[in-house]
């Protein structure tokens, strides 16, 4: 289908095409017609990197009344980076349509600065749960009249310990006029409890299969060898990629720190992202990477949440993830906006079965590189 067939306006489509977005993804095809209908609760299950921001963002923008200078919608996201990314995309979507003002608020920035911004006309607030609670306590934001509450990556917000904050926000916005749109890669038990309590029993539900979530622009490759040869294999691959940029994933913080030091010793322009970093250090690394002062990022899975960098040519799985979902999250960092990319897994002989398992579960084919 096309965005026009899904009911998206010509002005918005013009903005999408300028961003290189021409064809709807599976979750966009499933969600946009439903959410455009109007007052409806929604539960969408789809992997990270499948275009969920446009899936909820395009119908939301169509519902906002630009003439009303009040908060009409609230979007909750687990991390600062994802919140910033959502706000940027909403801004780009509306380049050729009526001005709709979005404000992103999150921890790690002075709250007084964010309060000052919220005093300006704001129709959509994108927030991390903890910072929103702080702003609510200061009466700096009024969310009582919102028509739409969106929870993006809801499972990740719960795994980060935001359950009490989420229930507080859901209680504070509980009115008959308010709809909840919930998007998540998985539906664990504690998230199911929230859905049963706060989402309308007649909510529309959509589940995009893992096979449908896979980006067909990605070449999935693997190299088999012993663990001691991984660094040499990685170095050979990086040389073959010339000046192209990418992300290298590890499972653990210790492995990420070690690998980033090893690559720096080989004179690679490399940055590190791991969960124990201070926000200011993380921001510094991300600025350098986005400004192309760094060619490579070494990152753990959790630290990579919310990363949105254009034109990444490759992803390397230096350590294979334990979960198939994590592989989809990782590989989805490349081949965005219609481009192609490489997802290379470095595996030992015991991990070959993981490759075969992912081929079955995701409906993809790995090519062995020798």
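Numbering (the UniProt record's numbering), first residue to last: 1 to 370.
Glycine residues also receive a C-beta, built at the ideal position from the N, C-alpha and C atoms.
Legend entry - Cutoff 6 Å; reference residue 56; Cβ partners in own chain excluding five residues on either side: 150 and 181
Inset, instruction - Kindly confirm or deny that the stretch 309–324 and the stretch 193–207 touch, where touching means at least three C-beta pairs closer than 8 Å. - result: no
Inset, instruction - Using only the heavy atoms of the ligand NAD, determine whether one of them is closer than 6 Å to the beta carbon of residue 121. - result: Among the ligands in the structure shown, none appear at all, so the ligand NAD cannot be discussed.
Inset, instruction - May I have the straight-line CA-CA distance separating residue 258 from residue 229, to the nearest angstrom? - result: 15 Å
Legend entry - Neighbourhood of residue 146 by C-beta, 8 Å cutoff - its chain only, sequence neighbours within 5 removed: 71, 72, 73, 74, 173 and 178
Legend entry - Three-way DSSP call (helix, strand, coil) for residue 229 in this model: helix
Legend entry - Beta-carbon contacts of residue 10 that lie in its chain and below 6 Å, excluding the five residues immediately before and after: none
Inset, instruction - Mind the definition here: the stretch 91–111 touches the stretch 30–43 only if three or more C-beta pairs lie below 8 Å; say whether that holds. - result: no
Legend entry - Nearest-angstrom Cβ-Cβ length linking residue 102 and residue 116, presumed shorter than 8 Å: About 16 Å separates the two Cβ atoms, so there is no contact after all.
Inset, instruction - Taking residue 4 as the reference, give the member of 52, 59, 43 and 47 with the closest Cα. - result: 59
Inset, instruction - Look at the alpha carbon of residue 255 and the alpha carbon of residue 318, and state the distance between them as a whole number of angstroms. - result: 9 Å
Legend entry - Outcome for residue 226 when other beta-carbon atoms lying within 10 angstroms are tallied against a minimum of 16: exposed
Inset, instruction - Look up residue 148 in the DSSP assignment and give the residues it is bridged to. - result: 73 and 179
Inset, instruction - Indicate the three-state DSSP secondary structure (helix, strand or coil) for residue 272 in the structure shown. - result: strand
Inset, instruction - Give the straight-line distance between the Cα atoms of residue 29 and residue 265, rounded to the nearest whole angstrom. - result: 47 Å
Inset, instruction - Report yes if the CB atom of residue 89 is closer than 7 Å to the CB atom of residue 328, and no otherwise. - result: no
Inset, instruction - Give a yes or no on whether the C-beta atoms belonging to residue 313 and residue 341 are separated by under 7 Å. - result: yes
Inset, instruction - Note down the Cα distance separating residue 94 from residue 65, rounded to an integer number of angstroms. - result: 13 Å
Legend entry - Backbone secondary structure at residue 248 - three-state DSSP: strand
Legend entry - Outcome for residue 22 when other beta-carbon atoms lying within 10 angstroms are tallied against a minimum of 16: exposed
Legend entry - Cβ-based neighbour list, residue 279, same chain, cut-off 8 Å, excluding 5 preceding and 5 following: 80, 107 and 108
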